Structure formats: C-alpha cells, structure tokens
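See structure below.
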Amino acid sequence: MSSRCVLSAWRLSSGHEGWSLSQFLKTIVLELIKERGAVYSCEGENPMNRKTPARQSGRQPKQDRSRTSLRRLLETAESMLASDGYAQFTLQALSKRAKVSIGSIYNLFESKQALVRDLQVRFLESVEKVHAQVINDLRRNNLTLKRLVPTAVRNYGEYLRDHAELLRVFMEIAPSDPIVSANGKKYAAQAMKDFELLLLDRRDEIRHPDPEHAVARSYTVMYAVIGRYLGLGSNPEAADPVDWNSLFDDISLMILQFLRAAPETSVSSRTARAK
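Counting from 1 along the sequence shown, just add 50 to a position and that's the residue number in our numbering.
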C-alpha cells in the first residue's frame, strides 16, 4: 500500500510511468531534500515564539511620516517584484511607481540586491506569523488524523498558491545570493518540521512502524506535487492540468493511506541498507 501511495504521487507530479520506486525516490524526494538543506530542529517549540530572520540591510527611519513612506515603498516594491520578476525590477521604475525620489531609495538601500533581501525578510516575517497561527489553530481544534491531514494539506497548498509569485522570485535569486538562499532554506526547513510535528501529535493513529520517516516523506511528496503544480522550481507549463481541489483530495488520500499502512517490507529494506 505504501509503495502505491508514493508511486501515485510520483506519477501525478512527473507524468512519467514505468520508473522504479527507487528511481522516483532518488530523482524526486531525495533531491528535494538535498536542495533545501538540513532540517532545523524545533522539538517542543511554540511556533508563535519563534524568532524571524534578522534583517541584513535597510536603514530604519525614526519619524512616523518616514516609516509610513518606507512601508508604502516596500509594499510597492513587493508588488512590482511579484508581477515583473527580479530581472525586470529596477529602482528607477520603483521610484516612479512609489513616487519616491531615487535618492531617498538609495539613502535607505545601497542597491537593488539590498532592497530585495529586505523584502524577503519582510515577506518571511509576515508568512511566518500566519503559518504559526494556522498551526496553533489546528492544534487547538484537536482533529483526528483523518480530518487533520486534508485540512493541513489544503492550508499549506493555499498558502503556497497565495505567495507563489514572490516565492518563485526568491527561489530564482537564491542560487546566486547566499543570504536569500540561507533565509529561504531556514524557513522552508522550519515549515517542514512544523508540518511533521503537527501530524506526529496524532502519533497514536499512525500505523506506519516509523512515524517520523512517514510524516517526513508525506511532507516531501506533498511539496513535490503542489510545488510542481504551481511552478515552484520548475516551469509552470510543465505541470499536469489537474483540478486544484482534486489535487488536495488525491494528496490527502495518499498521505492518509501511507500513514495508516504497515509497510513491513519498506522498513526491512531500510534496515538492510543501514547494515
């Protein structure tokens, strides 16, 4: 059952049939984990108390009027970056759109790169607050695993879709900007760990003999499918034309079947490889 669940996710996310399960894990799951770096531990942590990334640049004004102008500037810059992309985004165009002199912009940010780094931190601070609130709300609702999985999958998918344009930009920049890359990896790893710990709250309902492994693979497959659908890290045109709501239903069913199955063969094979 577990093999069929993972294989279904692979077919949905890539559209290629006939590969072995080991090829799928090597090319899709393990590569995604490697690209996003090591997971940061947060055992027992309340997401609402988590520290956000430190700002790398940007001079913060002290006067209320100046702070209002800065907020308007950043909101305009964020909108332009999302719609135009990094390559087309310029400080000159921002100056005209936000009605702020180019000199004032350079007084706050020494370069386009510095501004974009500040925008990323601002973006992560915002989504981190929302994400932490969603996690806490789900915990307070005390849902069964059968209800928790589809709710968590839909919340995560809607979050990715709502922020897909900016996420694409930051993912495009990350390979050439170590600061953007580090902030992005840290947040992505934390989101992964939060999802895992949320499902592990229902550990007594998980029949898979290795719950930690099962929830980690569940997150990776979920991200692979939804991320591909939204074109995160790939060309959006390469995604399969799947109905958005059906996508949630399929992913939720896969994860539930995987968590509630008892794949003894997969555990024994991992044990054999470890030896």
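The C-beta atom is built at its ideal place from N, Cα and C for all residues, glycine as well.
The model shown is predicted, which means the values in this text are computed figures rather than measured ones.
Between the C-alpha atoms of S231 and L165 there is a straight-line separation of about 15 Å.
Three or more beta-carbon pairs separated by less than 8 Å link the segment 145-158 to the segment 120-134, which places the two stretches in contact.
Residue state for K162 is assigned as helix, using DSSP reduced to three classes. No Cβ-Cβ contact shorter than 8 Å links G277 with V219. Annotated three-state conformation of G281 is coil, per DSSP.
Q240 is the residue among Q240, S161 and A132 whose C-alpha sits nearest the C-alpha of I185.
Of the other Cβ atoms in all chains shown, fewer than 16 fall within 10 Å of the Cβ of G153; this residue is therefore exposed. The alpha-carbon separation between L217 and A132 amounts to approximately 8 Å. The Cβ-Cβ distance between N233 and V177 does not fall below 8 Å.
L250 is classed as exposed because its beta carbon has fewer than 16 other beta carbons within 10 Å across all chains shown.
Counting along the chain, E222 sits inside the alpha helix (DSSP H) bounded by residues A214 to I223.
Between F308 and H258, the gap from beta carbon to beta carbon is short of 8 Å. The beta carbons of M221 and L174 sit no closer together than 8 Å. One alpha carbon belongs to R190, the other to S116, and they sit about 40 Å apart. Around the CB of E160, fewer than 16 other CB atoms lie within 10 Å, so the residue is classed as exposed. When secondary structure is reduced to three states using DSSP, P200 falls in the helix class.
Rounded to whole angstroms, M242 and L195 show a C-alpha spacing of 18 Å.
Looking at the backbone, the Cα of R204 and that of R310 are separated by about 19 Å.
DSSP places K149 in the coil class of the three-state scheme, outside both helix and strand. D168 counts as buried, since at least 16 other C-beta atoms from the protein chains shown sit within 10 angstroms of its C-beta.
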